[in-house]
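Position one of the sequence shown corresponds to residue 1 (full-length UniProt numbering), numbered consecutively onward.
Think of the CB as a built atom: it goes at the ideal place given N, C-alpha and C, for glycine as much as any other residue.
Inspection log for the structure reproduced underneath, given as structure tokens.
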Amino acid sequence: MNTVKTVRELRAAVARARSEGKRIGFVPTMGNLHSGHAALVAKAAQRVDFVVASIFVNPLQFGAGEDLDKYPRTLAADQEKLLEAGCHLLFAPSVEEMYPEGMAGQTRVCVPQLSEGLCGASRPGHFEGVATVVSKLFNMVQPDLAVFGQKDFQQLAVIRALVRDLNMPIQIIGEPTVRAPDGLALSSRNGYLNDEQRACAPALYRTLTQMADAIKVGKHDFPALIAQGQQQLIEAGFRPDYLEVRHAITLRPATEQDRDLVILVAAFLGATRLIDNLHLNLDDKP
Ligand code: PAF
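Written out as structure tokens, the structure is:
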């Protein structure tokens, strides 16, 4: 696996692969990789002949006071994991390479509606930063397909919309969330948790599964389920940011008639904000 740091080198390596008739898959990341990322790379490797991953901690998607500076940078360990997972080329650009003109005047990509509410409400500008960097990366790599984790459910919806609306010929694949044995979704931010917080953290997914079980047996009073879920989170030591039941495609608040649902949560343990979700389609066979 080669690591390149410039757009010029990236384009040359991808062009070589294309000239050999290879299909290109792409997995964008911010590094500090775990088995969830490895699953994304492995999925891409099943589908195409040449897998490109990127590691770039994108300043444009972090708000003031967020964890941009302390976000873990672990390039050497990440390179090993990518190689093992079947990656062929790593693009690890600097901020200057990605934003040579600076960020203030950078053209932005905005996906309205889907970017509003949920994480978009708590992190203003976040999805504009994500949509912008992902569009740039897509234009640099020009992959046939790209793989993203379903853990970032709203992000995945935003990226599907931008690819559709901007007519990008890229297939977007959503991969199921990889979880620790106790149910906690793997995330680079789990590393911020102390032992006591880590012990509380599985309550996040437990709350989602309990709500989903209640919905499956016909409880459709979503405000009551949400209030109960929030109480559970508080008792487990969380400070909830949001807990919502939404339509899984539009992300609008769910109605009793909706069948394709997603329960989404963001909650703080100390200063660490964790997110998770559970997608349930009531028309699926048990
Ligand atoms: O999910 C992430 O790691 C990031 O938001 C992404 C998609 C790599 C864009 O910076």
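Taken through DSSP and simplified to helix, strand or coil, Ile170 comes out as coil. For Val109, the closest alpha carbon among the candidates Glu128, Thr74, Phe238 and Ser187 is that of Glu128.
Residue nearest to Asp284 within the set Ala17, Val111, Lys216 and Val7 is Lys216 (criterion: CA-CA distance). Under the DSSP definition of a beta bridge, Tyr242 partners with Ala266. Within 10 angstroms of the beta-carbon of Glu175 lie 16 or more other beta-carbons, which makes it buried. Annotation: Ala271 to Gly21 spans about 48 angstroms, alpha carbon to alpha carbon.
Secondary structure within the segment 133-215: the beta strand (DSSP E) runs of 3 or more consecutive residues, fully enclosed, are 145-149 and 171-175 (chain order).
Asp78 carries a helical assignment under DSSP once its states are collapsed to helix, strand and coil. Per the coordinates, the alpha-carbon of Arg164 lies some 10 angstroms from the alpha-carbon of Ile172.
The segment 205-222 and the segment 273-284 touch, with three or more beta-carbon pairs separated by less than 8 angstroms. At a Cβ-Cβ threshold of 9 angstroms, Ala45 and Pro28 do not count as neighbours. Measuring C-alpha to C-alpha distances from Pro240 to each of Asp78, Asp221, Leu251 and Ala266 identifies Ala266 as the nearest. Relative to the ligand PAF, the beta carbon of Met140 is positioned no closer than 8 angstroms to any heavy atom.
In this chain, His279 is not harboured by any alpha helix (DSSP H); it is covered by the beta strand (DSSP E) spanning Thr272 to Asn281.
Closest option to Ala92, judged by alpha-carbon separation, among Gln228, Thr3, Arg252 and Ser19: Thr3. Taking 9 angstroms as the cut-off, the beta carbon of Gly86 is found closer than this to the beta carbon of Val41.
Distances between the C-beta of Thr29 and the heavy atoms of the ligand PAF include at least one below 8 angstroms.
Distance from the Cα of Leu156 is smallest, within the candidate group Val134, Asp258 and Asn167, for Val134.
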